[in-house]
Amino acid sequence: MNYGKRPRNPLSKRLWKDIVRDWKRYIMIFLMLVVTIGFVSGMYVANNSMMTTIENNKDLLKLEDGNFEVSETLDAPAVKAIESGEKADVVSVFKQRAYKEAESEIKESVDEAVREKVEEQVRTAIHNKVESEVDKQLAPLAANGGAVPEDMRQKAIDDAFDAAIESSFDDAVSEAFEEAVISDEYKDTLADVTEKAKKEIDKKINEEYGELSDRFELDDDSFKSVPVRLYPLFCHECDESIGQQSTGRIRIYAERNEVDLYDLLDGRAPENENEIIIDRMHADNAQIEIGDTLKVGTTEFTVTGFAAFVDYSTLYENNNDTMFDALTFDVGMTTNDGFDRIKGNTHYKYAFVYNEKPKDTYEEKTFSDNFLKALITQTAVADSEPEITDYIPCYANHAVTFAPNDMGSDKSMGGVLLYILTAVLAFVFAVTISSALEKESTVIGTLRSLGYTKGELIRYYMSAPMIVIFVSAIVGNILGYTVFKKIVVAMYYNSYSLPTYKTIWTPDAFVRTTIVPIILMFVINLAIITRTLKLSPLRFLRRDLKNVKRSKAVRLPRWSFLKRFRLRVFIQNLPNYAMLFVGICFIMLLLSMAVGMPSTLKFYQDSVTDMMFANEQVILTSTEDKDGNEITTNTKGAEKFSIGSLDLRTDSFTEEVSVYGINKSSNYIKLDDELFGNADRDMTLVYISKAYSEKYNVHEGDTITLSEQYEHKDYTWKVYGVYDYSAGVAVFMPNDTFNEVFDRDEKDFSGYMSDESVTDIDEEYIAARLTSDDITKLARQLDHSMGSYMLYFQYVCVIVACIIIYLLTKIIIEKNEVSIAMTKILGYTDKEIASLYLITTGVVVLISELAALVIGYKTMEFFWKTIMMKLGGWFDFVMLPSGFVKEFLLVFAAYVIIAAIDFVRIKRVPKTLALKNVE
Amino acid sequence: MDKNFLEIRGLKRTFGSGDTKQEVLRGIDFSVSKGEFCVLLGPSGSGKSTLLNILGGIDSADSGEIIINGDKLADLDEKALTNYRRRHLGYVFQMYNLIPNLNVKENIETGAYLSEKPLDIDELLQILGLFEHRYKLPNQLSGGQQQRVSIGRAIVKNPDILLCDEPTGALDYTTSKEILQLIEQVNQKYGNTVIMVTHNEAIRNMADHIVKLRDGVIRSDIVNTSKISACELEW
Chain A
1 MNYGKRPRNP LSKRLWKDIV RDWKRYIMIF LMLVVTIGFV SGMYVANNSM MTTIENNKDL
61 LKLEDGNFEV SETLDAPAVK AIESGEKADV VSVFKQRAYK EAESEIKESV DEAVREKVEE
121 QVRTAIHNKV ESEVDKQLAP LAANGGAVPE DMRQKAIDDA FDAAIESSFD DAVSEAFEEA
181 VISDEYKDTL ADVTEKAKKE IDKKINEEYG ELSDRFELDD DSFKSVPVRL YPLFCHECDE
241 SIGQQSTGRI RIYAERNEVD LYDLLDGRAP ENENEIIIDR MHADNAQIEI GDTLKVGTTE
301 FTVTGFAAFV DYSTLYENNN DTMFDALTFD VGMTTNDGFD RIKGNTHYKY AFVYNEKPKD
361 TYEEKTFSDN FLKALITQTA VADSEPEITD YIPCYANHAV TFAPNDMGSD KSMGGVLLYI
421 LTAVLAFVFA VTISSALEKE STVIGTLRSL GYTKGELIRY YMSAPMIVIF VSAIVGNILG
481 YTVFKKIVVA MYYNSYSLPT YKTIWTPDAF VRTTIVPIIL MFVINLAIIT RTLKLSPLRF
541 LRRDLKNVKR SKAVRLPRWS FLKRFRLRVF IQNLPNYAML FVGICFIMLL LSMAVGMPST
601 LKFYQDSVTD MMFANEQVIL TSTEDKDGNE ITTNTKGAEK FSIGSLDLRT DSFTEEVSVY
661 GINKSSNYIK LDDELFGNAD RDMTLVYISK AYSEKYNVHE GDTITLSEQY EHKDYTWKVY
721 GVYDYSAGVA VFMPNDTFNE VFDRDEKDFS GYMSDESVTD IDEEYIAARL TSDDITKLAR
781 QLDHSMGSYM LYFQYVCVIV ACIIIYLLTK IIIEKNEVSI AMTKILGYTD KEIASLYLIT
841 TGVVVLISEL AALVIGYKTM EFFWKTIMMK LGGWFDFVML PSGFVKEFLL VFAAYVIIAA
901 IDFVRIKRVP KTLALKNVE
Chain B
1 MDKNFLEIRG LKRTFGSGDT KQEVLRGIDF SVSKGEFCVL LGPSGSGKST LLNILGGIDS
61 ADSGEIIING DKLADLDEKA LTNYRRRHLG YVFQMYNLIP NLNVKENIET GAYLSEKPLD
121 IDELLQILGL FEHRYKLPNQ LSGGQQQRVS IGRAIVKNPD ILLCDEPTGA LDYTTSKEIL
181 QLIEQVNQKY GNTVIMVTHN EAIRNMADHI VKLRDGVIRS DIVNTSKISA CELEW
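Keeping their order, the protein sequence lines are chains A and B. Just so you know, the first sequence maps onto residues 1 to 919 in my numbering. Just so you know, the second sequence maps onto residues 1 to 235 in my numbering.
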């Protein structure tokens, strides 16, 4: 007897043969995994790389900590004073200035009065003297009995008086005035008047400062100086055009060397006064090319490059704008000489950078508040008295913060997408493995009888899916870091003015797209394989893998033979059809997102006007004008209201909640009279909006706690009722309560709400106008961020549907190959056989689709809520009837494609199969 | 020859419960000597396959014991049972259950892999008459050839006991005789104990030991003194 060597495990050889034999199935799963992993990995990598680049660029490109605009350029002492970050002693400076001004005025007016008095005295003295002299001259005449008529006497006096005034009045007055001003009386009078005037000045300045101080909390004890460095960032704002065609408005800066630098994406920086670089995003939108002549106002420049300015990652023209506008707003930079060529409309902006960086957002807010106090007081005391026209700290600058915030929300959407698709793939694997085990039942039984251990077989059957997932993860990640990353980045570049990014290793992407799917596949496959391999070898040999045995054949109604055959096919493949149903549910869920999201956003935007309680809310900068009069409007139906915002903090998200103060007589929001009573309550009663109630599951009688955004201050209120308002997460309370709660003056208010547009309030007093545009901001943001994805996603869904239906119907046909071969032998045509199997599957697909439409929609509603919980605002998921029809047709189209493939598959089943497989 | 190499004592096996309860084995006692060619004979439903499956450790008895070379099978847990099959048993079924995408040699290697000291595969292929077909896939072989592969797979690890469950059940007369000759040859060359289940009365003539079952009990347990070669069998 000769012995040989123990061979290498032949099952390893078989593994590759298995994969090659079933390459179509594996390639489908592989492709699906690669595309999913690739896309999500690409998204995470692009997101992380871009966010990291943006974060790094803050230092690298010296992003400002904020900026302000003044009415005129600041002189050196003012700059120095502002940079100190110290508050100026506004009261003292103002008083000194007023005193100085008052003193000269007082002296002038006192002297004037004294002079008048002296003149009067001199005049009287001269008159008396002249009169006496005339009487003296006329006395002899009277003594001689010749009476002098009175009129003659008077004339003589007048003539003599005029002559005397002419000859000696001025000298006499001067002499008398000089005597008067050195008199004690004069000094006392001057001192008295000055004292009174100073008191008046003090009173007025104290009053005025008091108001200013109240508004900006200038006397806040917690103030700490915030030293900064100022950088002039002057700009011109002009119309922009190429040739005759207007391309919008442009804000042009002079050369930036020290702060708010830029990343040059294409071309070169301007080198002479005739050259300019502009924002890349706007250039793309307006189709401006390097070398084009750009007309800025009346001055022409040659475009030499495209850049991404660190302070304009999103092209917001004004920070109050509800949406950015890269179509008609542009930012550019010229050389200093080039800047000087542009005439007019100069904005004196200054960027500031804190000498010491704030540690967190709280400190950043504190720094900003303190710096604003320093800025207000220092500009107030500056010699040129410049007026502050704008102040934006960096953290509140939408042009800087919007893009990263939006990209952050994309990431959470990507996460949901990945989990849904991973679940689909795990499910496909489960079906495939289950079917493979059933098919290999006798082989498994034999191998187990020969002595193969369960472990050996588990390892063998686990190998193929694990190899596929592993290779898919590697290929997917490679594609994620290369192809898909570029696609996602292109989407970002299509929306924002982003810098050149550096691809960075993203552990999060690796974990979510590689580790998690691998673990998921491992666990699901291990569970299914282990569960099945627990059965005894004998049960495998007998193909007895089902735990529940059917004792009798199901009795069928007296239908035609073909119908009954189809029903048998259905009953036989019930588990597979159940899987198919689950698969279609998954696809419908994906389609619900792809079809429903755009329709939801559109519906919300279209119907928001109906949801709003007033078409316009005008929020004022101050309730009083320059003269101290209350700002009013004659707009029909306009009524006062108050508004503020507080944070609602949850574990995962901080929601900005609008808090409204409403008048009792309001026609727009009717609160219960009970709330307006003066009853002493333990807790303030409020209404919450329907959106608030639905989003956070808060109802009447519950208590809510909201917090100040940048202060450690909380408010706890009791919900009196839910107000039917779905356009925002809001709280309503009587205006008096609002003023009391927020420590405001009794009759204070924030602005007016009205159905008609308020046009009679000077724009300088209007801080913001909230219209339907603002309410739909969230919807538009979502639409902008994801709308374009959704159409592609619909196509992806059809492909996913094809793959899932393909994989599942393949199992059904493979399972029935022998029967198919046998019916062929019996004389059935391919068409007849196909109708037996395909019609059955078709009916299952149809019924599954109908049920899945509802299930997908309901599940998506749930997912939608989950998504909305991570975003500000709230609105329901809406699917229009046409959306359901579209979903149905898309999946059915996928089935038709696969049915054609299945028909070919059935045609190819050889008759010999029935003869060879005699089992 | 070790007369009590395999001892079966009081083996009972029941399937189902209540009305469907069926006693398939009602107390089986016999023993097999080492290297013996034992045939378990009986009609369908007599319990012979159940008995073979219990001997092979892929089914278990309700009561009674099986002692192989002094080891009680009932004492072995599932892991030890697998190890027992791996080390001591070879299995040949009526259906060949070959792995369809492995060729002849590779199918035999699935058995060889289980042994630290397998037989020389090429020599075995020669004995099996499959050397020229060694690279063929199962679907390129006839039923007899497939059964040869299945026998090869079972004996390549040189098991102490070769269990054959109706190995010729799906084969024609000529092919059946060829397979029986092969099993005989293997038994003689490698000295394995062969226990074969069959309902074919003719096969009893080539056995050393004939155990006849009916309705779950042994009707006869005889030593064949007039053993003939497989090639002489007629039915």
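For each residue, glycine too, the CB sits at the ideal point set by N, CA and C. These numbers come from a predicted model, not from an experiment.
Residue i - DSSP class collapsed to helix/strand/coil
i, result
"F30/B", "strand"
"Y710/A", "With a pLDDT of only 49 at Y710/A, under 50, the local geometry of the prediction cannot be trusted, and the value read off the model is given with reservation. Here Y710/A sits in coil by DSSP."
"I195/B", "strand"
"Y660/A", "strand"
"K357/A", "coil"
"D672/A", "coil"
"Q287/A", "coil"
"M733/A", "strand"
"P270/A", "coil"
"T432/A", "helix"
"Y460/A", "helix"
"Y752/A", "strand"
Residues of its chain near residue i, where Cβ-Cβ distance is below 6 Å and the 5 sequence neighbours each way are ignored
i, result
"F37/B", "N187, V194, A207 and D208"
"W235/B", "A202"
"L218/A", "K373"
"S463/A", "L15"
"L590/A", "C797"
"H282/A", "A326 and D330"
"Y857/A", "S592 and M879"
Cutoff 9 Å: residue i Cβ touching any chain B Cβ
i, result
"T453/A", "yes"
"Y3/A", "yes"
"N9/A", "yes"
"L952/A", "Outside the displayed span of chain A (1 to 919) sits residue 952/A, for which this structure offers no information."
"R14/A", "yes"
"P465/A", "no"
"L538/A", "yes"
CB contact check: residue i to chain A, cutoff 9 Å
i, result
"S220/B", "no"
"R153/B", "yes"
"N158/B", "yes"
"K79/B", "yes"
Cut-off 7 Å between Cβ atoms - residues of its own chain near residue i, not counting five sequence neighbours on either side
i, result
"A154/B", "G90, Y91, V92, G111 and L162"
"L238/B", "No statement about residue 238/B is possible, as the shown extent of chain B runs from 1 to 235 and does not include it."
"R341/A", "E273 and T299"
"D215/B", "S46"
"R649/A", "S707"
Cutoff 8 Å; reference residue i; Cβ partners in own chain excluding five residues on either side
i, result
"M521/A", "L425, A426, F429, P465, M466 and I469"
"I288/A", "I242, T247, I278, H282, L294 and V303"
"L124/B", "I108, G152, I155 and V156"
Between the segment 83-95 of chain B and chain A, which residues of the former have a C-beta closer than 9 Å to a C-beta of the latter? N83, Y84, R85, R86, R87, H88, L89, G90, Y91, F93 and M95
Sequence ranges, alpha helix (DSSP H) only - wholly within the segment 169-198 of chain A, length at least 4: none
Length at least 3, wholly inside the segment 87-157 of chain B: the beta strand (DSSP E) runs in chain order: 89-92
Report the residues of the segment 428-453 of chain A with a CB closer than 8 Å to any CB of chain B, ordered along the chain. T442, V443, G445, T446, L447, R448, S449, L450, G451, Y452 and T453
Using a Cβ-Cβ cut-off of less than 7 Å, give me the residues of the segment 45-77 of chain B that come near chain A, in sequence order. N53, G56, I58 and D59
In chain order, what residues of the segment 96-124 of chain B put their CB closer than 7 Å to some CB of chain A? N97, I99, N101, L102, E106, E109, T110, G111, A112, Y113, L114, S115, E116, K117, P118, L119, D120, I121 and E123
Runs of 3 residues minimum, wholly inside the segment 216-252 of chain A: which ones carry the beta strand (DSSP E) assignment? 228-232 and 235-242
Which full runs of the alpha helix (DSSP H) of 4+ residues lie inside the segment 277-343 of chain A, going along the chain? 280-286 and 336-341
Listed from N- to C-terminal order along the chain, which residues in the segment 791-810 of chain A have their beta-carbon within a distance smaller than 9 Å of any beta-carbon of chain B? none
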